[in-house]
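In this note's numbering, the protein residues as written are 26 to 494.
Each remark here refers to the structure printed beneath this line.
Here is the structure:
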């Protein structure tokens with residue numbers, strides 16, 4: 026079978042075989058041979074997982090409308106977007122199976138694979154030949170930056186991995202941030218207290234603007250690592266290497282202390298101003314508009330790109346946004362629940378809550394009270410979490426109907442409902458007290474008592490058809 030060749034400057038088709046299990050010792054699925062995104066996209070194309078949009082598409086609302094219409098479907102490849110007809114990829118992380126495919130592991134192993142990578146990072150390998158080259162400054166205006174929703178402040182880069190170096194330790198940080206595109210510069214949203222903001226404050230204390238590298242469309246492992254809640258002082262590019270199973274290849278930018286993935290589609294260098302700010306706001310993960318905030322301006326100093334670049338666009342509040350933001354916190358919740366001796370069979374931050382505010386957790390119950398303890402462990406693992414449902418091991422936490430069945434047939438409020446008032450909540454929740462950022466949190470334990478006869482509560486199954494027994 027021939028596949029669409031996404032390699033920069035390549036022909037329409039490629040007959041080069043994709044190696045299966047090359048260099049893989051402990052996994053049965055496919056791992057990337059190259060450390061850039063094209064081979065992964067070629068494999069998705071081969072498997073019928075990419076839909077190609079061949080007609081020309083506008084940057085303002087039109088591309089976003091198509092992305093929203095096809096949000097629960099395949100990954101998208103737009104062949105011509107905006108004034109300059111640039112290529113755009115979207116929804117590549119919109120399904121759990123595509124994330125696991127990108128990392129070369131089985132879907133049910135993703136959370137534990139991520140936890141292992143956070144615990145066992147791999148030092149990066151510095152190389153001298155990146156896949157991108159420095160281009161003229163006017164190329165900045167050719168980026169196919171999309172305007173997504175009616176009342177957003179403007180066009181936004183939504184997939185940017187922003188890399189900065191701690192001026193005290195020299196350790197790099199890589200994290201995903203939204204960037205409001207203005208003429209010749211950006212406005213960056215940095216959440217107060219998080220790692221990039223902490224580094225920015227150190228530069229501010231020294232009276233220096235913060236150098237950054239903005240990476241767009243790197244290897245999928247880089248994006249997953251940058252979306253993960255790594256401990257302070259850990260370089261997420263090393264986490265990406267652990268996710269890949271080999272050191273991530275990086276290149277040091279000329280005249281800079283920053284190292285970036287050697288295989289990326291776009292790299293933009295800039296300085297985050299310690300003095301200049303502008304208001305920015307856009308649609309966030311719940312599908313509601315975030316509040317306007319004064320945020321720092323990023324002055325662009327240089328731009329690099331591959332010869333035929335692919336621009337990755339993430340639809341705010343879309344499946345890709347929800348999974349990239351939520352999946353790493355699912356892993357954190359799993360880890361915290363298992364830390365207290367409760368086996369987790371499955372976990373899902375629910376789609377209706379933006380994959381952020383509500384969690385469904387399936388456990389193997391060994392003692393009375395395990396459900397309540399799992400609720401408390403989950404709430405402490407993810408401070409933004411507002412509600413938790415704990416399920417028996419025969420209930421699929423990704424299946425809304427199964428969760429509703431568990432509510433309807435197994436839950437009684439007496440002794441199984443946990444309510445916590447006045448807890449710190451999420452700034453994204455419009456129902457939280459917007460001054461104190463406190464909220465009411467709840468947990469519902471739908472697990473059966475160990476003393477009851479469980480057969481009466483189980484759903485009937487058809488042999489050879491139903492997955493769960």
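A virtual CB, placed ideally from N, CA and C, is assigned to each residue, including glycine.
Straight through space, the alpha carbons of residue 483 and residue 186 are spaced by roughly 45 Å. With fewer than 16 other Cβ atoms inside 10 Å of its own Cβ, residue 216 counts as exposed. Annotation: residue 343 to residue 434 spans about 32 Å, alpha carbon to alpha carbon.
Apart from sequence neighbours up to five positions away, the residues of its chain that approach residue 387 with a beta-carbon distance below 6 Å are 370, 371, 416, 418, 420 and 422, ordered along the chain.
Shown here, residue 248 sits in a helix according to DSSP, grouped into three states. Secondary structure at residue 420: coil, using DSSP grouped into helix, strand and coil. Taking C-beta separations shorter than 6 Å and ignoring five residues to either side along the sequence, the partners of residue 294 in its chain run 238, 326 and 327, following chain order. Assigned with DSSP and collapsed to three states, residue 264 falls in helix. In this structure, residue 114 lies away from residue 104, with their beta-carbon atoms at least 8 Å apart.
The beta carbon of residue 363 is closer than 6 Å to those of 369 in its chain, skipping five residues each way along the sequence. Note that the region 239-248 does not touch the region 300-313; fewer than 3 beta-carbon pairs, one per stretch, sit closer than 8 Å. Assigned with DSSP and collapsed to three states, residue 227 falls in helix. When beta bridges are read from the DSSP output, residue 165 appears opposite no residue. The residue from 461, 204 and 413 with its alpha-carbon nearest to that of residue 447 is 461.
Taking 8 Å as the cut-off, the Cβ atoms of residue 339 and residue 346 count as close. The beta carbon of residue 79 lies closer than 6 Å to those of 104 in the same chain, with the five residues before and after it left out.
Distances from the alpha-carbon of residue 431 to those of 320, 481, 72 and 141 put 481 closest. Under the three-pair Cβ rule at 8 Å, the region 220-237 does not count as touching the region 76-94. Residue nearest to residue 128 within the set 152, 149 and 64 is 64 (criterion: CA-CA distance). For residue 353, the secondary structure class from DSSP, reduced to helix, strand or coil, is helix. Just measuring C-alpha positions, the residue of 304, 324, 168 and 310 sitting nearest residue 318 is 304.
Look at the region 357-407 and you find these whole runs of alpha helix (DSSP H), each 4 residues long or longer: 395-406. By the neighbour-count criterion, in which 16 or more other beta carbons inside 10 Å mark a residue as buried, residue 161 falls on the exposed side. With respect to the 8 Å criterion, residue 199 and residue 267 are not classified as neighbours on the basis of their beta carbons. Taking 8 Å as the cut-off, the Cβ atoms of residue 121 and residue 74 do not count as close.
CA-CA distance, residue 205 to residue 274, rounds to 29 Å. Ranking 131, 169 and 148 by CA distance to the CA of residue 107 puts 169 first.
Assigned with DSSP and collapsed to three states, residue 287 falls in coil, not helix or strand. Secondary structure of residue 314 (DSSP, three-state): strand. Runs of the alpha helix (DSSP H) lying entirely within the region 115-158 and spanning at least 4 residues, in chain order: 121-128 and 135-144. Assigned with DSSP and collapsed to three states, residue 92 falls in helix. The Cβ atoms of residue 263 and residue 341 lie no closer than 8 Å to each other. The Cβ neighbour count for residue 109, taken over all protein chains shown within 10 Å, is under 16; the residue is labelled exposed. For residue 197, the uninterrupted beta strand (DSSP E) segment begins and ends at 197-201. The C-alpha of residue 290 lies about 48 Å from the C-alpha of residue 472. In the three-state reduction of the DSSP assignment, residue 434 falls in the helix class.
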